[in-house]
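**Student:** Take this structure, written in structure tokens, and hold onto it; I'll ask about it next.
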Amino acid sequence: MSDPVIETIDLVKKFKDIVAVNKVSFKVMRKEIYGLLGPNGAGKTTTINILITLLKPTSGQAFVDGIDVVKSPEKVRKKIGVVFQDPSLDVFLTAYENMYIHGKIYGLGGKELERRIKELLDFVELKPFADKVVRYFSGGMRRRLEIARALLHDPDILILDEPTLGLDPQTRNKIWEYIKAVRKERGITILMTTHYMDEAEFLCDRISIMDHGRIIAEGTPEQLKSIIGSDVVLIKFSDTQKPMCLDNDLDGAIISCRSVSGNRVELVVRDAVKTLPRIFEEYERKGMVIEEISYRRPTLNEVFIYLTGRELRDSLEDQPRPIHRWR
Amino acid sequence: MYSFIRSLNYFYTMIYRQVKRFLRARSRVVVSIVQPILWIFLFGMGMGGVFNFQNPMIDAFIRQQFNGLDYMTFLLTGIVAMSIFIGSFISGVSVIFDKQFGFLKETLVSPAPREIILLGRAVGDSLVLLINASIVLALGFMISNQLRPEGVLPALSYGFVLSIGFASLGIAIASRMNSMEGFQMLMNLLIMPLQFVSGIFFPIQRMPDWMQIIAKINPLTYAVDGIRYWLTGRSEFDPMIDIILLMILSIIFLVIAMWSFRKATIED
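Residue numbers (the numbering used here), protein chains in the order written: chain G, 1 to 327; chain C, 1001 to 1268.
Put into structure tokens, the structure is as follows:
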């Protein structure tokens, strides 16, 4: 039960002089949903590609179910089901044919294969489209088909690389439901990457936050948030006033402060309930008029900012990743 | 034994996929049949007219230049080989297509050995091309009376070895490339000289010496000659030598393809 299903030890991958993955070590336990969270270029996909035997590490080791991915890639391939970041369906074949070919190259066949294809197409609600050519499928339908396909050979481990990239919120929720259901009904281990904080928070039991090829923090979403160990207070000032931070940290009660859009400042404080009255007092003494104030538990984004000094969101929106689909 | 049956299964699956895919792309089916037919009609009839003098003596002399065949039959047998050659050579483009559309990764993470995947692809594409060639050949029987029906099967088996060889070479090249346009340009560049220096359009014995040397190292030459022999009984070389050389060259291309396909990870 407590033995790791996936384990990497000091994994390093260099592309020429770029270090994409830098001494990454983590363990994924059985039946766990484990997330690698980080901006584009953090090394998540490279780590996944090493685990699924598409890349060889420069140094370090990686094991899937105790099998060394470099020494016995064939054995590893039998254990895993993969949903790639980029589409990987044959768009000229039907949903059923895509499933059929996958089943065949994983050694399934006959009535059993037919039954499983139907069951899984049903699971992802694509049964009515089984004989339609994939070229006419929407992005969400393709993703669902890819998930069904990855489960077809009943893998012990499901690996999802950015499973909801480029999908609309409604479709994302649907995919999340499937992922939760897969774990619940099949009890398999899931390793996924994402740069959506809400996705990691909603789905993952444990998360590693990656940045520049390194794991900079690991734990359950709650544990990660407790790194900040505090609440986030948002204060809006009246339009006539310039938002400003206090020069006084109220005896260490205020951990950090920064101005954000909409004439507001964002404070990270140790205990919002006790600190709020003192914040009011302090601003009043400075002659500032507070128009609105609210506080909430920190999100993983704040954890990321705290750890790296950068926004996770920035890197996401600065370089939208074009999805290569044709026709 | 068990793993052999499983390999056979992977092999059959890749054939299934290539054939299905081809048949679904109707434009490809039509073009690959219409193109050789256009060659036969436009080039064959145009050129055939040049070689027709309505004079038994001159005509007999001209036939002598074309292994004793009338020009239409000479060309037609060559075009059958050419359609298989071009079709198989450019079939490697599907590797690039699969790279761009991600399906290649799907096969690379599967437990099926890469060699079997590659062989299945090549054989799948070859089968489709042989069906095409048979259609072209059926037309040939309608316009030429010098063809031998009993030679069709041996001729198609020469065509099969030819297509495995060039499909392999195409895959080997495609494994190292990422752009479909680039691949197509390169193929056009290679196809042109190979098809002219192979005896499809004119006999090798009448070529200048330097060209004959090139023709003799061109694998296509032996396929054209062998196919022509089985279909008409006339050839420039011994058909046994044709098939032996063709097999050796195809196996070499296949080994190169396996090697480069195995190396084709997503790193390049």
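Heads up, the beta-carbon is just placed ideally off N, CA and C, and yes, glycines get one too.
The beta strand (DSSP E) with Gly1170 of chain C in it runs from where to where?
**Tutor:** Taken as a continuous stretch (DSSP letters only), Gly1170 of chain C belongs to no beta strand (DSSP E), being part of the alpha helix (DSSP H) at Val1152 to Ser1175.
**Student:** In chain order, which continuous runs of the alpha helix (DSSP H) of length 4 or greater are located wholly inside the stretch 216-273 of chain G?
**Tutor:** 221-228
**Student:** Are any of the Cβ atoms in chain G nearer than 8 Å to that of Gln1018 of chain C?
**Tutor:** no
**Student:** Determine whether the beta carbon atoms of Leu300 of chain G and Val233 of chain G lie at a separation below 8 Å.
**Tutor:** Contact flag unset, no.
**Student:** From Phe1196 of chain C to Ile1086 of chain C, what distance separates their C-alpha atoms?
**Tutor:** The C-alpha of Phe1196 of chain C lies about 12 Å from the C-alpha of Ile1086 of chain C.
**Student:** Got a sec? Which residues, its chain only, sit under 8 Å from Val303 of chain G by beta carbon, not counting five neighbours each side?
**Tutor:** Ile209, Ala217, Leu224, Lys225, Ile227 and Ile228
**Student:** If we ignore side chains and look at the alpha-carbon of each, how far apart do Asp198 of chain G and Tyr34 of chain G end up?
**Tutor:** 14 Å
**Student:** Whole beta strand (DSSP E) runs in the stretch 119-187 of chain G with 3 or more residues, listed along the chain?
**Tutor:** 157-161
**Student:** Does the beta carbon of Leu167 of chain G come closer than 8 Å to any beta carbon on chain C?
**Tutor:** no
**Student:** Taking all protein chains shown into account, do 16 or more other C-beta atoms lie within 10 angstroms of the C-beta of Lys1105 of chain C, making it buried, or fewer, making it exposed?
**Tutor:** With 16 or more other Cβ atoms inside 10 Å of its own Cβ, Lys1105 of chain C counts as buried.
**Student:** Run through DSSP, which three-state label would Met1207 of chain C get?
**Tutor:** In the three-state reduction of the DSSP assignment, Met1207 of chain C falls in the coil class, being assigned neither a helical nor a strand state.
**Student:** Assuming the contact rule is C-beta atoms closer than 8 Å, Phe1066 of chain C and Leu1169 of chain C should be a hit. Round their C-beta distance to whole Å, please.
**Tutor:** The pair is not a contact, with the Cβ atoms about 29 Å apart (cut-off 8 Å).
**Student:** Please check the pair Val1224 of chain C and Ser1198 of chain C, which I expect to be a contact at CB under 8 Å, by giving their CB distance rounded to whole angstroms.
**Tutor:** Right, the Cβ-Cβ distance comes to about 5 Å (below 8 Å), so this counts as a contact.
**Student:** Would you mind reading off the limits of the alpha helix (DSSP H) that contains Met1142 of chain C?
**Tutor:** Unbroken alpha helix (DSSP H) run through Met1142 of chain C: Arg1114 to Ile1143.
**Student:** Report all residues from its chain with a CB closer than 6 Å to the CB of Ile1117 of chain C; omit the five preceding and five following residues, and keep chain order.
**Tutor:** Met1014 and Thr1107
**Student:** Give the DSSP-derived three-state secondary structure of Glu302 of chain G in the structure shown.
**Tutor:** helix
**Student:** Is there a C-beta anywhere in chain C that falls below 8 Å from the one on Phe84 of chain G?
**Tutor:** Phe84 of chain G belongs to the set of residues whose beta carbon lies under 8 Å from a beta carbon in chain C.
**Student:** Please determine, among G:Glu112, G:Leu246, G:Asp205 and G:Asp231, the residue with the shortest C-alpha to C-alpha distance to Thr220 of chain G.
**Tutor:** Ranking the options by Cα distance to Thr220 of chain G, first place goes to G:Asp205.
**Student:** How would you list, in chain order, the residues of chain G whose beta-carbon sits under 7 Å from the beta-carbon of Glu1115 of chain C?
**Tutor:** Residues of chain G whose Cβ lies closer than 7 Å to the Cβ of Glu1115 of chain C do not exist, since the nearest Cβ in that chain is about 12 Å away.
**Student:** Per DSSP, which residues does Arg214 of chain G bridge with? Please list them.
**Tutor:** G:Asp211
**Student:** Where does the unbroken alpha helix (DSSP H) through Lys104 of chain G begin, and where does it stop?
**Tutor:** Ala95 to Ile105
**Student:** On a Cα-Cα basis, can you pick out the residue from G:Lys14, G:Pro155, G:Lys23 and G:Pro57 that is closest to Val5 of chain G?
**Tutor:** Selected option, being the one with the closest Cα: G:Pro155.
**Student:** For the beta strand (DSSP E) containing Leu11 of chain G, list its first residue and its last residue.
**Tutor:** Pro4 to Phe15
**Student:** Apart from the five residues on each side of it in sequence, which residues of its chain come closer than 6 Å, Cβ to Cβ, to Val1239 of chain C?
**Tutor:** Reading the sequence as shown, one finds Pro at residue 1239 of chain C and not Val. The answer, listed in chain order, is Gly1226 and Tyr1229.
**Student:** If you draw a straight line from the C-alpha of Arg264 of chain G to the C-alpha of Lys236 of chain G, how long is it?
**Tutor:** 4 Å
**Student:** For a contact defined as C-beta to C-beta under 7 Å, what are the partners of Leu1008 of chain C on chain G?
**Tutor:** The premise fails here: Leu1008 of chain C is roughly 11 Å from chain G at the closest Cβ pair, so nothing lies under 7 Å.
**Student:** Could you tell me whether the Cβ of Pro1111 of chain C comes closer than 8 Å to any Cβ of chain G?
**Tutor:** True, the Cβ-Cβ gap to chain G drops below 8 Å.
**Student:** Could you check whether the stretch 4-23 of chain G touches the stretch 56-63 of chain G, counting it as contact only if at least three pairs of C-beta atoms, one from each stretch, sit closer than 8 Å?
**Tutor:** yes
**Student:** Find the nearest neighbour of Ile50 of chain G within the set G:Glu32, G:Val69, G:Ala95 and G:Tyr306, judged by alpha-carbon distance.
**Tutor:** G:Val69
**Student:** Around the Cβ of Ile1005 of chain C, are there at least 16 other Cβ atoms within 10 angstroms (buried) or fewer (exposed)?
**Tutor:** exposed
**Student:** Find the residues of chain C that neighbour Ile117 of chain G, judging by a C-beta separation of less than 8 Å, and give them in chain order.
**Tutor:** For the C-beta of Ile117 of chain G, not a single chain C residue is nearer than 8 Å; the gap to the nearest is close to 14 Å.
**Student:** Can you list, in chain order, the residues of its chain with a C-beta nearer than 8 Å to that of Leu1008 of chain C? Leave out the 5 residues immediately preceding and following it.
**Tutor:** Result list for Leu1008 of chain C: empty, nothing under 8 Å.
**Student:** Where do the N-terminal and C-terminal ends of the beta strand (DSSP E) with Tyr1229 of chain C fall, by residue?
**Tutor:** Unbroken run through Tyr1229 of chain C is the alpha helix (DSSP H), Pro1219 to Thr1232; no beta strand (DSSP E).
**Student:** Which residues in the same chain have their Cβ closer than 7 Å to the Cβ of Ile48 of chain G, if we skip the five residues on either side of it in sequence?
**Tutor:** Ile159, Asp161 and Thr193.
**Student:** Cα separation between Ile215 of chain G and Ala200 of chain G?
**Tutor:** 15 Å
**Student:** So what does DSSP say about Ser1179 of chain C, is it helix, strand or coil?
**Tutor:** coil
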